[in-house]
Structure formats: C-alpha cells, structure tokens
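> Once you've had a glance at the structure underneath, I'll fire off some questions.
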Amino acid sequence: MQRSFIAKNPSVLIFLACLALFTLIVTVLSEGLGLGMISTSFIKTLGKTLCLCLIAVAMDLIWGFTGILSLGHFAFFGLGGYMIGMWLMYERTRLIVVESLSQAEIPPTSSEVVDAIGNQIFGVVGASEFPLIWAFADSLFLQLLLVVLVPGLLALVFGWLAFRSRVTGVYLSILTQAMTLALALYLFQNDSGLRGNNGLSGLQNLPGVEASQDVVSLWFLWASALALGLGYLLAAWVVSGKFGSVIRGIRDNEARVRFLGYSVETYKLMIFTLTACIAAIAGALYYPQAGIINPAEIAPIASIYLAVWVAIGGRGRLYGAVIGAAFVSLLSTWFTGGQAPDIPLGFYTIKWVDWWLVLLGLSFVAVTLFAPKGMGGLVDLWTQARAPNRHGADLGPDDSALREQEASK
Amino acid sequence: MLRLFLASLALLLSCVTASAEEGAIQPLLQEHREVIAKSSRKTIGPAIDAIANSSLPQAQTMLETWAAKSMWMRKSDGRFFVGEKADSKNYRLIDFDTGEVVGTFPKKELKQLKPNSGVRALIGTALVQFQLLDEDRAKRQAALTSIQRDPEAALLTPLRASIEQEPDAGLKAQKQRLERLLTIGYDADPAARIAAIEEMSGDLGVDVRATLNPLVATTRDVTPGAVPEGVNVAANLTPGEEGFSEAEAYDLLVTKGFAPARVTPDEVRLALAENIEGGTVGGVPVAQLDKDDARVRAYAALAEAGTVSPLVNPADIQAALAAHAFFETYAEPIVEVTTAAQDALDNIALKVGVNQTLDLTLDALSLASIYFLAAIGLAITFGVMGVINMAHGEFIMMGAYTGYVVQQIIPDHTVSIIVAIPLAFAVTFAAGVAMERLVIRWLYARPLETLLATFGISIALQQLAKNIFGTQARPLTAPGWLDGAWVLNDVVSISYIRIAIFILALIFLGVFLFIMKRTRLGLETRAVTQNPAMAASMGINPGRVNMLTFGLGSGIAGIAGVAIGLFAKVTSELGSDYIVQSFMTVVVGGVGNIWGTLAGATMIGFLQKGIEWLNPSNTLAAQTYMIVFIIIFIQFRPRGIIALKGRAAGD
C-alpha cells in the first residue's frame, strides 16, 4: 500500500531524466561552454521555452486538473517578470550612474545617485521621481520575494472574490480575462510607475556580471530547467495525493464535492494562488532572457495562447502540458521567424509568416473537436493503456443527463 | 501763408466747379502728405483717422490700395495715385477720385508707399468700419470675424455705428453680441461695462468666458509692509497655506528682488568643485563630501572666507516672509468691474456645469448604445443559447469589412450603406451558420471547449483579414448627411453618427423583442434553450433552431460592425477591441435577458464616461477602473443586474 511517490508516478522520473539529458546535450553543443553547434540566440529561445513549459504546467494544474479555465495566468507571468525586471533595471542603472558620477570632482551623495537613477529610468515617460512601488527595487532579496508575493497576493484577492461568489465555468474565464485586460491597460499608462508602454528593457544584462551573453544564457537555461524540474515535481506531488483527488473531484462535479463536506472554495483558492506563484517564477526567469517586458505581453491573447498550448499538448496530464507548450511555441518561432519554406501554388504563394496563425487557429479547432486528449493522447495509444470505452449513446445537446457528462470526461 | 492762399483758392474753386472737386479725396491726402509719405506708426494716426472719418466713398478703396502697397506718389507734385505696372519700367497711374488713368510714368519719377506691418494694422482697423457697412454680406461677416479674433478698443465705435444699418437679422444679432463683449472689455465708462457684464452673465458662449476671464486674471505680488492703496486686490495670501507654499512665497520674494536667492544643492556642488585646494574644500577633505552635512560645513567655511555667497538659512527665510505682505491683484483696476465679472463667471460656471452634465449624459448614452450594439448579437448566442462565441468580435469585423468592400464597388455613400447593411447580415449569417454546423454543434455539452474552439476560429479569421486587407486601417465613410453634429449650445453637442447609432440600437432592441416574443422562431428558440429534449419531443428540430438562432446572432453582429466601422477605423483588430466589453455587458446585465443587456450596456457606458470625467486625461485608467468595478460588482450580483429566476435560470 505504501508505495513511494516515484513508484506511483513513473512518468515523473522519465520526465526528469529527459529534462536533465536535454540540458546536458544543449550545454555540450552550446557556443558558450561546448562545441558551438547551437547559437546563443537559440539557447535563449530554448531557455524561454522551458519557462513557457513551466507556466504550462501551472495552467494544466488549474485547468486540466481543477477545471478552472483561467485566462489570467499570463498576467501573473508578466507581473513576475516586472518584479525581477525592476531590480535588474535599477541595479544596472545604478552601476552606470555611479560610474559616470565618480568622474565628477565632488563625490556624489546617495540622494544624488538615486535622483540620477530616477532620471535615467523614468526620463522616457517624462518623470524622474521613483514611484512608491519601486521602494524595494534596490534589494535583490526583497524583489525576489515580491516575484512570488505580488502575483500570489493578486491571485489570492481575485480568487477569493471570484470563488466566494461562486463564479464558475465560462463566467470565471471571462472574469479572469477582464482582470488581465485591466492589468494590461493599467500598465500601459505612463503614470503607472512602470514606464508605460516602453516597459522595462535591458534586462538581459545582469548587473555586476562580466561574463558574456553566451555563458549567461546557459546559466538561465540551467535555472529554467531546474525551475521546470522542481515545478513539475511539485505539481506531480500536489496532484498525486488526497489534495489531487479533491481538485479532480471539483473538476468533475463541484456540487458533489461540496456536498461531501469539502470546502471547495478553499481548495480552488489554494490551487489558484499556487499556480499563480509558479507562473510568476516562470515569468521572472523568462523576461531576463527575453531582455524586455512591456504591457503588450500581458494582453489577454497571451493567456489564451497558453490555454491553446495546454489543450494541444493534452490536459490533465502534466507532461502533456510541457509537450504542448514546447511543441507549439517552438513551431511558432520556426514559422513566424521566416524559416519555414514558402509554398508556391502558382497563382498564390503561401507565406508562413502570414498564414501560420490561420493554421494554428484551425488546427486548434481540429484538436478540440477530434482529439480532446491532445498530443498526450498519443502516449496512451503507444502504451496501449487506453481506458475502457465506457461511452454510451452520443451526447445530446441536453447536458442535464449527468451520466453522459461523466462519460465525456 | 501759401497754404491759406491755397485753401481759400480751393474754397473758391469748390464753389465754382462744385461738380469737379466736391467729395475728392486728393486734397485730404495732400493735407497729410508728409505723414503718409513717412508712414510711421507713431505719427500716422491722425492721417488715417481723417481719411476714415471723411465719409468719402473713395476712402475705403484708397485705404485698401494703401494697405496692399499699390499706392504711388508722383514725385513732381506729391499727388497720390493707384499704380499699375504698365511694363518693366513704367507704371500707369489712376486717380482715386475719378478712376481715370492719368498717364503712364517712368518708375523713377514715382515713389511706392510701403506701409510697414504696424501701419497696415492701423489701416486694417480703420477699414473695419467700412467693411462692417459693406454691401457684400460675406465681407461684413469677415469683418466681424476679424474683430472677434482680434478685439480692440478702437473698433467699438465703428461697430456700434454699424448696428443700426445692418439689414441682415442674423448678422445684426452677431454684431449686437460682439458690441456687448467689446463694451465689457473696452468701454471707458465702468457703469456701461458692468451693465454689459450683467447682461451677458449666464451666457454659455465660449467668447463670453474668453472676454471675462482676462478681467479676473490675477497675478501674485509682494510688497514690504502693508498692501498699497489703489490696488485691486483679489486676495491676501499667507505663505504656507493651501496652494501657496513657503518655497513659492520665497521664490516670489527673490524674483521681486526683496530677498537673496537660495543656494541650490547643485550650486553648492559646483561652488565646492571650483574651490578644491590640495584635496580639501574649506578644510573638509574631498572624499568626505558625499554627505550633505559635510558639504554644508565646507560651503559655510567658503562663505566665511568670502569666496561664495552665504547659504540662506531657514530662519532668514521665515523672517523675510514675515516682513512682506503677499497678495493677488487683478490686472483690471476697477473693483466693481472685477466683482461683477467674477459673479458673472460663477453664474456661467454653474450653467456650464449643468450643461456639461447633460453633454456627459448624451456621451454616455451614445457609448452605451455602441456597447449595446456590439453585445446584442452575444445576447442571443451567449445569453439565450449559452454558447460562448469568442469569434463574435470577428463577426463584427467581418461586417465592417463588408461595408468597406461595398463602398469600393458603390461609390455613393448613402446607397452603399443601404446595400451594405443587408449584405453584412447575409455574410455573417452564413458564417455563423457554417460555424454552428461545423464546430459548435459538437461542443454543446462542453462550454469551456466551445470557448477555446471559437477562439481558434477567431485568431484564424483575424489573420485571414490581415492577409486579405493588410494591416493598415481601412476607411468606412459615413454618408454626407451624417456628417456634422447637433449643436445645442457651446457646451452640449452630439454628432449625427452617434444619434444614428443610438436609433439603430433602439431598432435592434425592437427587432430582438419582436423575434423572441412574437415569432415562431423565437418561441422555438426559447423552448430549445430551456429543454432541448422536451422541445424535440414536441416536434421542434433543435439542430435547425440552434443553427438559425446562432446565425441570427451572428448576422446582427455583422450589422453592428457596419455601424461601428462608421466611426472607428476598420482594422482586423476591430472585433477584439470590443469582445471583452461585450461579454462584460452581457454578464453584468444578466444572461438570458435582453433588458439585462440593455441595463448592462447603460451601466457600463455611464460608468466609463463618469470615470473619464473624473480623470479626463486618461481613458486607459477609466477602462481599468471600470473593469475593476465590474469584477467587484459581480461579487454582489453574480447573476447580473436582471437575474433570471426559477426554472429558466437553469444551473
């Protein structure tokens, strides 16, 4: 009965092994430390993809396992990026400012340094004062804490409000989308204190680090891989225990779980906040690799793409989310980067830069209609471990027949 | 002596040959020949006045000729003529009085009069009185406009004189109004000004406020001791009170020269840098100067040595502030006038406030009708059928592009709109039916997946529109009769397009109610929505009804697209700009009830305009706060403003 966690979840071990192997191979082939067969920019792409896989794991927890289609997780992702970006930008500007002020005959006072940093950072939005939200920007530790605290707190407050009033299903999706939109619109303002639509830039330069980008990109790749590994482990542990059973129960029939005496709202709130924190950590690792963050990254469309990745990869299984995010985002980079060959039809040439989104949209519809299990379903086929077919008659338009509904899940 | 002789000769001549010389302008010009030839702004006044007041019919032509630099003086006898270029070296001269050509003269025998801009302005002012009485209505209008743009004391008299004879009633009213305004600004008699101010009090015109505001404009001033007599004081100021900080007060003292300027931290730093001697400044090592107190010590040492001006310490500032009286003065010296003007402005401000509220209400209504239009299709597909259609925004976009394409084929805007509306309905109806048949039908039991699938369609459609029409905005031009605005007064106005959209929204409301309550389709839709199995057993075909209902909702979105395209630029992102707000509208209003959608649109419209009014510079903030408000609102009424009760609520 008391089998170990690994024994119960062999897929976790396989996944971690694959991840470690991948990281090792990339390191060996890298420009910075290895053979130089993979360019630094591609290493950054791979590192960013790992971060996207991590947020996809979070999305799978909240959607695939708990049944809450949150269209707001990219907002947490972006907030995490903003929090780390504030420190990176402040510290780097401080180094530059101190360097330039030390040329002066009179050594600068600390308030002069802060004023000069403020001028440098907020000059683009016509301000020079530090807003209140930058109060901790000079401390890496506090700012790292904020990476988790700010999105976590936002998720806690929003989730408490939303779950308390029993907003469920598509209503909750729309509400989370509205939250994301509100946040993006707020950040777009110049007086939001985060440089409006200029966003935070120059994040790829680590302050005080002399190493070249070739090496720094590898560090970030390792950090992202580590975060993904830990995040995956945490997610697997969460869904494997009793907690996991309860949230799956909430997904399948919320009312029944509530009648059994579980506090559905608390469970939902916990998982919502937890996934928000995971998303924020992913964002804090992603944006230093991307180099720039601006409010357009938070727009509701990004969160919907996240849902697309998870759906294509396969909901309700953690490796499905990872596969989906990696596959779709890398494919997307390939198509939109102009690397995919054009298809000449004689009368018209299909340029993938233009047609990729059409293809993605339509294949997404196809996946939803014909392969609800996504790419993860292929694994089922391969292991011959398909669940017994319990489907009865076709589901009618009437969803009042609960047995039928269960069958579809 | 000679002049007297000439004058008497002229008198004699005028008696003898009355017909030839009477009403001639040339003698008048000769009388002022020197100043005219000199053309200096300082001395030209009497000459222009004399000409303008001569009541000669030629005076206007003469002044216009002069201002246009085509008046020439014959050097031989000093007489003035209109000069026209005959050829490169010769000019043809025309007499002012007779209008006849006097002859052609070489250029070197003539002198062209080139009045400078100052003189031309004086001539322009003198000309206004002629233009005010001109026979051409357009010229009189132009004269009035020029007075409005550039009012002057000198224009008051000619304006008053011209009112009596004004034949056109509209212009007469304008002239009377302008006369009142000029009286306020420039009349010599304070009583007349106050009377005029009281008369115009409560008028909403921007021009009235523009006239009154300079009267009550204040400047801050300071004086040692008590406020002098004879100054029209608006308010006495105490440093440190609201809106007048001690720093501001001291800066005022400095600019007026009553106190020494403060030494700013920057100046301290520069002074210290200049006085480094052997690694120390004033006895303080340079390395220690990264603290403020060390800098102050070093600077004080320098000041003691006399190399720099001393710091102004807070006690000095307080003493200086206490020793002076601060006050605000009006530029206008007469107290009664400023009091009357202030009263009138207060009165106007109240009225403007009332009218702004009205204007805001109209704006909010118009925004509400736009949201309603965008959301009414959703009220059918989402509200009645419960299908989440994320591609709804793209149907709106398709409607707008349909309008654009029709306009490319039919150039007449009115006809093209009339064609575009049913065509947009047809296109989006077809698209909606196709989507329902191909995708949504399979997902009725899985609402979350409907959301995702329709989202996939939405990005595909958006990219498709980008591929076909490009990324730049396409114009959808409204017919000419929808241009312009309905202007109630200077504060309240609303464009005709917005009125048209409001009416369109009302029509849609009516159509929706009619279809849902009075037609077979509406009955069947409601039946299928409530219980598909029961409806099917009653002989209704649920598949067909769902298809038609979905098509109807999509078609209405298409028509809304045409309407929205009329005032917004048509881009592939047009739909996604409205989709979240549309869902908000339906959710806030209450799903499944058209009155709820109406209430939701009204609430969101008024709310957004209200927040914009509180913070006018920032529409982004308004949208942010509105969404936050909606999220909180849903806490208290999770089912919307108008919630369905009983069985219809489902669950």
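These protein sequences, in sequence, are chains A and B. To convert, note that position 159 of the first sequence is 1536 in my numbering; the numbers rise steadily by one, no gaps. To convert, note that position 266 of the second sequence is 796 in my numbering; the numbers rise steadily by one, no gaps. All residues carry an ideal CB built from backbone N, CA and C; glycine is no exception. Note that the structure is a prediction, hence the values are computed from the model and not measured.
Check whether the Cβ atoms of A740 (chain B) and A656 (chain B) sit closer than 8 Å, and answer yes or no.
Within the second sequence, numbered from 1, the residue matching residue 740 (chain B) stands at position 210. Within the second sequence, numbered from 1, the residue matching residue 656 (chain B) stands at position 126. In this structure, A656 (chain B) does not lie closer than 8 Å to A740 (chain B) by Cβ.
> Just to confirm my understanding: we take W1143 (chain B), look at its own chain, exclude 5 residues before and 5 after, and list those with CB closer than 6 Å. What are they?
Locating residue 1143 (chain B) in the second sequence gives position 613, where the first residue counts as 1. Within the same chain, W1143 (chain B) has close Cβ partners L890.
> For I1483 (chain A), go through chain B and note every residue whose CB falls closer than 7 Å to its CB, in chain order.
For this step, residue 1483 (chain A) is matched to residue 106 along the first sequence. Chain B residues near I1483 (chain A): R799, L802, A803, V816, L819.
> Considering only their Cβ atoms, is the gap separating I1094 (chain B) from I918 (chain B) smaller than 8 Å?
For this step, residue 918 (chain B) is matched to residue 388 along the second sequence. For this step, residue 1094 (chain B) is matched to residue 564 along the second sequence. No, the pair does not count as a contact, with Cβ atoms beyond the cut-off.
> Give me the residue from A:T1713, A:F1712, A:I1727 with the minimum Cα distance to D1719 (chain A).
Here the question's residue 1719 (chain A) lines up with position 342 in the first sequence. The shortest Cα separation from D1719 (chain A) among A:T1713, A:F1712, A:I1727 belongs to A:I1727.
> Counting only beta-carbon atoms, is E979 (chain B) nearer than 8 Å to chain A?
Residue numbering aside, residue 979 (chain B) sits at position 449 when the second sequence is read from its first letter. Chain A contact via Cβ: present.
> Thinking I1070 (chain B) and A1555 (chain A) are a contact (beta carbons under 8 Å), I'd like their distance in whole angstroms, please.
For the purposes of this step, residue 1070 (chain B) is identified with residue 540 of the second sequence, where counting begins at 1. For the purposes of this step, residue 1555 (chain A) is identified with residue 178 of the first sequence, where counting begins at 1. That pair is no contact at about 36 Å.
> Can a CB atom of chain B be found closer than 8 Å to the CB of R1796 (chain A)?
Limits of chain A in this structure are 1378 at one end and 1786 at the other, which puts residue 1796 (chain A) out of reach.
> Nearest to G1083 (chain B) by CA position, among B:F999, B:G1105, B:M915, is which residue?
For this step, residue 1083 (chain B) is matched to residue 553 along the second sequence. Here the closest residue by C-alpha is B:M915.
> What distance in whole Å lies between the Cβ atoms of L685 (chain B) and L712 (chain B), which are believed to be in contact at a cut-off of 8 Å?
Here the question's residue 712 (chain B) lines up with position 182 in the second sequence. Here the question's residue 685 (chain B) lines up with position 155 in the second sequence. Between L685 (chain B) and L712 (chain B) the Cβ distance is about 7 Å, and since that is below 8 Å, they are a contact.
> Of all the CB atoms in chain B, is at least one closer than 8 Å to the CB of Y1725 (chain A)?
Taking the first residue of the first sequence as position 1, residue 1725 (chain A) is located at position 348. Closer than 8 Å: no.
> Does DSSP classify A1093 (chain B) as helix, strand or coil?
Residue mapping note: residue 1093 (chain B) aligns to position 563 of the second sequence, counting from 1. Looking at A1093 (chain B) - three-state DSSP - the assignment turns out to be helix.
> Counting only beta-carbon separations shorter than 8 Å, does T1055 (chain B) have a partner in chain A?
Locating residue 1055 (chain B) in the second sequence gives position 525, where the first residue counts as 1. No, T1055 (chain B) lies away from the interface with chain A (no Cβ there is under 8 Å from its Cβ).
> Helix, strand or coil: which one does DSSP assign to N1386 (chain A)?
Here the question's residue 1386 (chain A) lines up with position 9 in the first sequence. Three-state DSSP puts N1386 (chain A) in coil, outside helix and strand.
> If the cut-off is 7 Å on Cβ atoms, which residues from the segment 1548-1573 of chain A count as contacting chain B, listed in chain order?
Of all residues in the segment 1548-1573 of chain A, Y1548, S1550, I1551, L1552, Q1554, A1555, M1556, L1558, A1559, L1562, Y1563, F1565, Q1566 have a Cβ within less than 7 Å of some Cβ in chain B.
> Give the residues from the segment 1741-1760 of chain A that approach chain B closer than 8 Å (Cβ to any Cβ), ordered along the chain.
Taking 8 Å as the Cβ-Cβ cut-off against chain B, the residues of the segment 1741-1760 of chain A that qualify are F1741, V1742, T1745, L1746, P1749.
> To the nearest angstrom, how far is it from the Cα of W1511 (chain A) to the Cα of D873 (chain B)?
Translated into the one-based positions of the first sequence, residue 1511 (chain A) becomes position 134. Translated into the one-based positions of the second sequence, residue 873 (chain B) becomes position 343. Distance between the alpha carbons of W1511 (chain A) and D873 (chain B) is about 47 Å.
> Please classify N766 (chain B) as buried or exposed, where buried requires at least 16 other C-beta atoms within 10 Å of its C-beta.
For the purposes of this step, residue 766 (chain B) is taken as the residue at position 236 of the second sequence. Flag for N766 (chain B) reads exposed.
> Between the Cα of A1657 (chain A) and those of A:H1450, A:A1600, A:K1385, spot the shortest distance and give me the residue it belongs to.
Sequence index remark: in the first sequence, residue 1657 (chain A) carries index 280 (1-based). The option with the nearest alpha carbon to A1657 (chain A) is A:H1450.
> So within the segment 831-901 of chain B, which uninterrupted beta strand (DSSP E) runs reach at least 3 residues, ignoring any that extend past its ends?
List check, beta strand (DSSP E) in window: 854-860.
> Under the rule that 16 or more other beta-carbon atoms within 10 Å means buried, what is P1387 (chain A), buried or exposed?
On the first sequence, position 10 is the one that residue 1387 (chain A) refers to. By the neighbour-count rule (16 or more Cβ atoms within 10 Å), P1387 (chain A) is not buried but exposed.
> Of all Cβ atoms in chain B, is any one closer than 8 Å to the Cβ of D1731 (chain A)?
For the purposes of this step, residue 1731 (chain A) is taken as residue 354 along the first sequence, with counting starting at 1. Yes, contact with chain B.
> So, at 8 Å on beta carbons, what are the nonlocal neighbours of E866 (chain B) in its own chain, with the 5 sequence-adjacent residues on each side left out?
Locating residue 866 (chain B) in the second sequence gives position 336, where the first residue counts as 1. P720, I724, listed in sequence order.
> Closer than 9 Å, Cβ to Cβ, to anything on chain B: give me those residues from the segment 1670-1687 of chain A, in chain order.
Result list: P1677, I1678, I1681, Y1682, A1684, V1685.
> Spatial neighbours of I1461 (chain A) within its chain, please: C-beta separation below 6 Å, excluding the five flanking residues on both sides.
Stepping through the first sequence from its first residue, residue 1461 (chain A) is reached at position 84. Only V1524, A1661 meet the Cβ criterion.
> Can you tell me which of B:I555, B:K619, B:V1121 puts its alpha carbon nearest to the alpha carbon of Q590 (chain B)?
On the second sequence, position 60 is the one that residue 590 (chain B) refers to. Of the candidates B:I555, B:K619, B:V1121, the one whose C-alpha sits nearest the C-alpha of Q590 (chain B) is B:I555.
> With a CB to CB cut of under 7 Å and the five nearest residues on each side skipped, what residues in its chain are close to T573 (chain B)?
In the second sequence, the residue the question calls residue 573 (chain B) occupies position 43. Cβ neighbours of T573 (chain B) beyond the five flanking positions: V565.
> Could you tell me whether any Cβ in chain B is nearer than 8 Å to the Cβ of V1705 (chain A)?
As a working note, residue 1705 (chain A) is residue 328 in the first sequence. Cβ-Cβ to chain B under 8 Å: no for V1705 (chain A).
> Which runs of the beta strand (DSSP E) at least 3 residues long sit entirely within the segment 1020-1055 of chain B? Give them in chain order.
Entirely contained in the segment 1020-1055 of chain B, the beta strand (DSSP E) runs reaching 3 residues are, in chain order, 1023-1025.
> By how many angstroms is the C-alpha of R679 (chain B) removed from the C-alpha of S647 (chain B)?
Taking the first residue of the second sequence as 1, we reach residue 647 (chain B) at position 117. Taking the first residue of the second sequence as 1, we reach residue 679 (chain B) at position 149. Their Cα atoms are separated by approximately 17 Å.
> Can G732 (chain B) and K641 (chain B) be called in contact, C-beta distance under 8 Å?
Position 202 of the second sequence, counting from 1, holds the residue named residue 732 (chain B). Position 111 of the second sequence, counting from 1, holds the residue named residue 641 (chain B). Not in contact: G732 (chain B) and K641 (chain B) (Cβ atoms no closer than 8 Å).
> Near L1006 (chain B), which residues of its chain fall below 7 Å by C-beta distance, leaving aside the five closest residues on each side in sequence?
Taking the second sequence and counting its residues from 1, the one referred to as residue 1006 (chain B) is at position 476. Same-chain partners within the cutoff: A930, G933, Y934, Q937, G1095, L1096, V1100.
> Quick one: what's got a C-beta closer than 7 Å to G1751 (chain A)'s C-beta in the same chain, skipping five residues either side?
As a position in the first sequence, residue 1751 (chain A) is number 374, starting the count at 1. Cβ within range, chain order: A1688, I1689, G1690, G1691, R1692, G1697, G1701, V1744.
> Looking at the unbroken alpha helix (DSSP H) that takes in W1733 (chain A), where does it start and where does it end?
Translated into the one-based positions of the first sequence, residue 1733 (chain A) becomes position 356. Taken as a continuous stretch (DSSP letters only), the alpha helix (DSSP H) holding W1733 (chain A) covers 1729-1747.
> Classify F1113 (chain B) as helix, strand or coil using the three-state DSSP reduction.
Residue mapping note: residue 1113 (chain B) aligns to position 583 of the second sequence, counting from 1. In the structure shown, F1113 (chain B) sits in a helix (DSSP, three-state: H, G or I).
> Using a C-beta to C-beta distance shorter than 8 Å, which residues of chain A count as neighbours of D822 (chain B)?
Here residue 822 (chain B) refers to the residue found at position 292 of the second sequence. Chain A residues near D822 (chain B): T1486, S1488.
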